[in-house]
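Before any comments, here is the structure.
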Amino acid sequence: MAVIKKGDKYYVVIEEGRDPVTKKRKQKWYSGFDKRDDAKAEEERIKTEMRQGTFIKPTKTTVAEYLDYWLEALDVRNSTLESYKWAVDYYLKPSLGHFELNKLLPEHIDQHFTKQRKTMEKTLKEAQKLAEEAAATGEEVKIPKALSPTSIRYQFVVLNAALRKATRMRKIPYNPCDAIEPPKKNKYKPIVLDIDQIKTLLKNAIETNIFIPVVIGITCGLRRGEICGLMWSDIDFDKKELQVYRSLDWQDGVLTPGPPKSDRSERPVPLHDMAVTILQTEKERQKLIKEQAGDLVTEEGYIWAWDDGRPHSPDYLYKKFKQLLASSKLPDIRVHDLRHSYATLLRDQGIDMETISEMLGHYSSSFTHGTYAHPTKNTRKKVVKVLDALFEEKQ
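Be aware that the sequence shown starts at 14, since it is given in our numbering, and climbs by one per residue.
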């Protein structure tokens with residue numbers, strides 16, 4: 014290793030032996046310094062890091078190139094990969110992708126998220142102003158949609174995960190995300206339907222083509238991908254039980270079955286008598302269509318399917334579910350909130366948290382308790398009744 018002057022610049026040059034084919038000397042030149050003292054200081058830093066085993070050879074790999082590599086190497090569910098790609102392609106690469114990976118600094122990341130937050134705040138103000146004007150004039154106005162704090166936080170989660178791997182692979186000396194405060198996110202508060210709202214939902218769903226997924230969501234607590242992935246071979250009518258084996262998600266524009274969210278997600282779930290009756294009726298209906306249409310119907314065997322046997326997608330379920338809620342004048346909940354309602358109903362009926370966790374396919378009952386079991390009007394009324402009874406005894 015030596016400091017060499019070339020032109021009006023000083024460089025730190027490291028000998029890397031000879032090329033095994035050409036036998037030519039291999040050298041690595043680091044930076045160009047205006048002063049010899051600066052180059053000597055860099056030389057000492059490199060020597061120290063080499064002695065400590067912390068030296069990382071700089072490369073010209075950009076953040077964009079590395080993020081593409083990171084995504085390609087991931088082994089995650091299709092839906093998870095698509096959400097990572099969304100964060101990378103739409104936000105991280107356009108803003109940070111041009112930086113060389115080993116020159117990405119905490120301030121670059123901080124500036125990215127500060128800009129996102131300010132854009133969000135500006136858009137929200139514009140949206141509020143337009144909404145007020147529309148309310149005053151009665152005219153229809155297109156309201157701009159701001160990126161949510163949760164979506165901004167998600168970008169940080171993705172970038173942090175990618176840079177953690179880069180650190181482990183010794184592509185960078187440290188993770189610059191560690192030096193900044195993560196963006197804040199809004200904690201989503203699920204809306205849990207009470208029993209009267211559930212009855213209204215089921216009643217109004219009967220005449221729609223999402224009756225089956227609504228029933229399964231309410232009485233089995235399945236995720237929407239799991240609902241779409243259910244097959245007739247997963248149902249045991251004698252045991253009144255279904256088995257969760259797969260989840261249906263989009264992969265490269267194709268609806269593709271894959272494993273459910275986690276190992277615990279593969280699970281048996283008991284079927285309510287109502288669900289058994291509805292499923293048996295649907296199976297007979299599909300059998301009749303198959304007899305009439307013959308080869309026009311596929312043999313895929315999905316429970317919630319088009320008349321030609323193709324499965325419905327989670328996105329289609331989302332769209333139709335929102336329409337059902339609006340026509341039923343029910344709260345604007347997510348399909349996933351049926352899962353929250355299911356867990357809360359079981360809790361209110363005295364089912365222990367360990368069993369509820371098992372039904373939902375969670376890794377621990379403490380997670381279920383903290384995330385899925387929510388107080389309802391009925392449980393609050395029970396608290397008042399218990400306190401009333403307690404104080405009556407004391408008097």
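For every residue, glycine included, the Cβ atom is placed at its ideal position computed from N, Cα and C.
Given the structure is predicted, the values throughout are model-derived calculations rather than measurements.
Excluding sequence positions up to five away, which residues of its chain have a Cβ less than 7 Å from the Cβ of residue i?
i, result
"PRO281", "GLU254 and GLN256"
"GLY314", "MET244, TRP245 and SER246"
"TRP83", "ALA175 and LYS178"
"LYS198", "PRO162, THR163 and ARG166"
"LYS135", "none"
"PRO283", "LYS253 and GLU254"
"GLU279", "VAL257, TYR258 and PRO273"
"ASP123", "ILE193"
"SER378", "MET366, GLU367 and SER370"
"ASP308", "none"
"TYR104", "GLN168"
"GLY271", "ARG90, ASN91, ARG259, SER260 and ASP262"
Contact defined as beta carbons within less than 8 Å: I believe residue i pairs with residue j. What is the distance between those atoms, to the nearest angstrom?
i, j, result
"LEU338", "ILE346", "7 Å"
"LYS22", "ASP47", "7 Å"
"HIS125", "PHE112", "Contact flag wrong, Cβ pair sits at about 10 Å."
"TYR79", "ALA179", "6 Å"
"ALA100", "VAL171", "4 Å"
"LEU373", "GLY242", "With 8 Å as the limit, LEU373 and GLY242 do not qualify as a contact, their Cβ atoms being about 16 Å apart."
"ASP262", "PRO327", "7 Å"
"LYS37", "GLY30", "Incorrect: roughly 10 Å between the Cβ atoms, too far for contact."
"THR232", "HIS285", "4 Å"
"ARG236", "SER260", "7 Å"
"ALA86", "GLY110", "The pair is not a contact, with the Cβ atoms about 18 Å apart (cut-off 8 Å)."
Indicate the three-state DSSP secondary structure (helix, strand or coil) for residue i in the structure shown.
i, result
"PRO270", "strand"
"TRP319", "coil"
"ALA148", "helix"
"LYS19", "strand"
"GLY363", "coil"
"ARG347", "coil"
"VAL396", "The predicted model places VAL396 with a pLDDT of 48, which falls under 50 and marks its position as unreliable; any figure quoted below should be read in that light. Reduced to three states, the DSSP call for VAL396 is helix."
"VAL34", "coil"
"LYS407", "At LYS407, the pLDDT of 48 sits below 50, so the modelled position is not reliable; the number obtained from the coordinates is stated separately. Helix, per DSSP."
"LEU214", "helix"
"VAL257", "strand"
"GLU29", "strand"
"VAL282", "strand"
"THR163", "helix"
"LYS53", "helix"
"TYR329", "helix"
"SER44", "strand"
"GLU74", "For the sequence presented, residue 74 should be read as Thr rather than Glu. In the structure shown, THR74 sits in coil (DSSP, three-state: anything other than H, G, I, E or B)."
Between the alpha carbons of residue i and residue j, how many angstroms are there, rounded?
i, j, result
"GLN65", "LEU114", "22 Å"
"ILE291", "ILE225", "7 Å"
"TYR331", "VAL26", "60 Å"
"VAL16", "ALA159", "52 Å"
"ASP249", "LEU343", "33 Å"
"ASP32", "LYS41", "13 Å"
"ARG183", "GLY230", "45 Å"
"LEU410", "PHE334", "Only positions 14 to 408 of the chain appear in this structure, which leaves residue 410 out of reach."
"GLY266", "SER92", "12 Å"
"ASP88", "CYS190", "23 Å"
"LYS216", "VAL289", "17 Å"
"ALA148", "PRO157", "15 Å"
"VAL228", "GLN362", "19 Å"
"ALA218", "GLN299", "19 Å"
"MET287", "MET133", "46 Å"
"LEU137", "SER340", "28 Å"
"LYS70", "ASN173", "21 Å"
"LYS142", "LYS131", "17 Å"
"ASP251", "TYR329", "31 Å"
"GLU139", "GLU146", "11 Å"
"LYS18", "GLU95", "49 Å"
"ILE211", "LYS200", "25 Å"
"ASP81", "LEU214", "44 Å"
Can you list, in chain order, the residues of its chain with a C-beta nearer than 8 Å to that of residue i? Leave out the 5 residues immediately preceding and following it.
i, result
"LYS128", "SER108"
"THR368", "LEU359"
"MET14", "VAL25, VAL26, ILE27, GLU28, GLU56, ILE59 and LYS60"
"ILE185", "ILE69, LEU114, ASN115, LEU117, LEU176 and ALA179"
"GLU312", "GLY322"
Applying the criterion that 16 or more other CB atoms from any shown protein chain within 10 Å of the CB defines a buried residue, is residue i buried or exposed?
i, result
"LEU118", "exposed"
"TYR187", "exposed"
"GLY20", "exposed"
"ASP365", "exposed"
"GLU239", "buried"
"THR411", "Outside the shown range of the chain, which is 14 to 408, sits residue 411, and nothing can be said about it."
"ALA318", "buried"
"THR381", "buried"
Less than 7 Å between the CB of residue i and some heavy atom of the ligand PLP, yes or no?
i, result
"LEU118", "This structure does not include the ligand PLP; it has no bound ligands of any sort."
For a cutoff of 8 Å on Cβ pairs, would you count residue i as touching chain D?
i, result
"GLU239", "Going by chain labels, chain D is absent from the structure shown, which holds only one protein chain."
For residue i, I'd like the list of residues in its chain whose CB is within less than 6 Å of its CB, leaving aside the five on either flank, ordered along the chain.
i, result
"ASP320", "ILE302"
"PRO196", "PHE126, ILE165, ARG166 and PHE169"
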